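Colleague:
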Ligand code: 5GP
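Residue numbers (the numbering used here): 554 to 760.
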């Protein structure tokens, strides 16, 4: 049966493991689409244009804002990040579930525009573990790691605005939790196409 498409917003400190958890969930859920963000941050080693991000200049990012092409956007430790609007709206209209990895400021903009979205916060088990993961990742300089750790304290305060939280102390468990959240949300009566349901059960109750 057709369902109404919806949006899953995944936030959490940089280094919480959002990508790993999402990647583990993708093969297990049909119709789950990833919203690829636009960023002014330079690519990290191994990151691919159009797969991890759309990498754009500051001028190009300004132009996207000017043309109202972004559903939300925010700055994060010196760079800008935004969600392409058309992709998300098209996928939802087609009945798909869209998942996006965005920061707390972007999430609050989505909350205003799309209150029916589902908000999930992913946490590393401890601050020490977060620091360890950021250092091991080796993609940021020491100063950037410090900034990202500071930012995580601010982000944590916002957890009260989210619907669900997951502690990522073991990847497979965290992925399973996210999968359950998505499947449960998918089963909400409010996401069912009631007309289709009525057609399917036409006459039921009259006999
Ligand atoms: P990173 O540089 O580690 O890839 O991402 C830094 C932060 O930017 C993460 O917290 C991530 O969730 C956030 N981010 C990624 N894409 C977007 C986006 O499209 N919009 C917003 N607001 N934040 C994003």
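Using N, Cα and C, we set each Cβ at its ideal position, and we do this for glycine too.
Quick caveat, the model's predicted, so the values are computed rather than measured.
1) Is any heavy atom of the ligand 5GP found at a distance shorter than 7 angstroms from the C-beta of residue 634?
2) Taking the alpha carbon of residue 658 as the point to measure from, which residue in 709, 681, 643 has its own alpha carbon closest?
3) If you draw a straight line from the alpha carbon of residue 665 to that of residue 749, how long is it in whole angstroms?
4) Roughly how many angstroms separate the alpha carbons of residue 721 and residue 639, rounded to a whole number?
5) Specify the secondary structure class of residue 564 as computed by DSSP and reduced to three states.
6) Around the Cβ of residue 592, are there at least 16 other Cβ atoms within 10 angstroms (buried) or fewer (exposed)?
7) Any heavy atom of the ligand 5GP closer than 7 angstroms to the Cβ of residue 707?
8) Count the other CB atoms, across all protein chains shown, that sit within 10 Å of the CB of residue 644; report buried if there are 16 or more and exposed otherwise.
9) Who are the Cβ neighbours of residue 586 in its own chain at under 6 angstroms, not counting the five residues just before and after it?
10) Cβ-heavy atom distance between residue 587 and the ligand 5GP below 7 angstroms?
11) Does at least one heavy atom of the ligand 5GP sit under 7 angstroms from the Cβ of residue 629?
Modeller: With the given structure in hand:
1) Position 81 of the chain shown, counted from the start, is the residue given in the question as residue 634. True, at least one ligand heavy atom lies under 7 angstroms from that Cβ.
2) By 1-based counting over the chain shown, the position of residue 658 is 105. Among 709, 681, 643, the Cα nearest to that of residue 658 is on 709.
3) Translated into the one-based positions of the chain shown, residue 665 becomes position 112. Translated into the one-based positions of the chain shown, residue 749 becomes position 196. So the two alpha carbons sit approximately 29 angstroms from each other.
4) Working through the chain shown from its first residue, we reach residue 721 at position 168. Working through the chain shown from its first residue, we reach residue 639 at position 86. Roughly 31 angstroms separates the two Cα atoms.
5) Locating residue 564 in the chain shown gives position 11, counting from the first residue. Strand.
6) For the purposes of this step, residue 592 is taken as the residue at position 39 of the chain shown. In the assembly as shown, residue 592 is a buried residue. Its beta-carbon has 16 or more other beta-carbons within 10 Å.
7) By 1-based counting over the chain shown, the position of residue 707 is 154. Answer for residue 707: no, Cβ out of range of the ligand 5GP.
8) Mapped onto the chain shown, residue 644 falls at position 91. When all chains shown are included, residue 644 counts as buried.
9) Translated into the one-based positions of the chain shown, residue 586 becomes position 33. Here the set comprises 644, 649, 651.
10) Along the chain shown, read from residue 1 onward, the residue named residue 587 stands at position 34. No, the Cβ of residue 587 stays beyond 7 angstroms of every heavy atom of the ligand 5GP.
11) On the chain shown, position 76 is the one that residue 629 refers to. Yes, the beta carbon of residue 629 sits closer than 7 angstroms to at least one heavy atom of the ligand 5GP.
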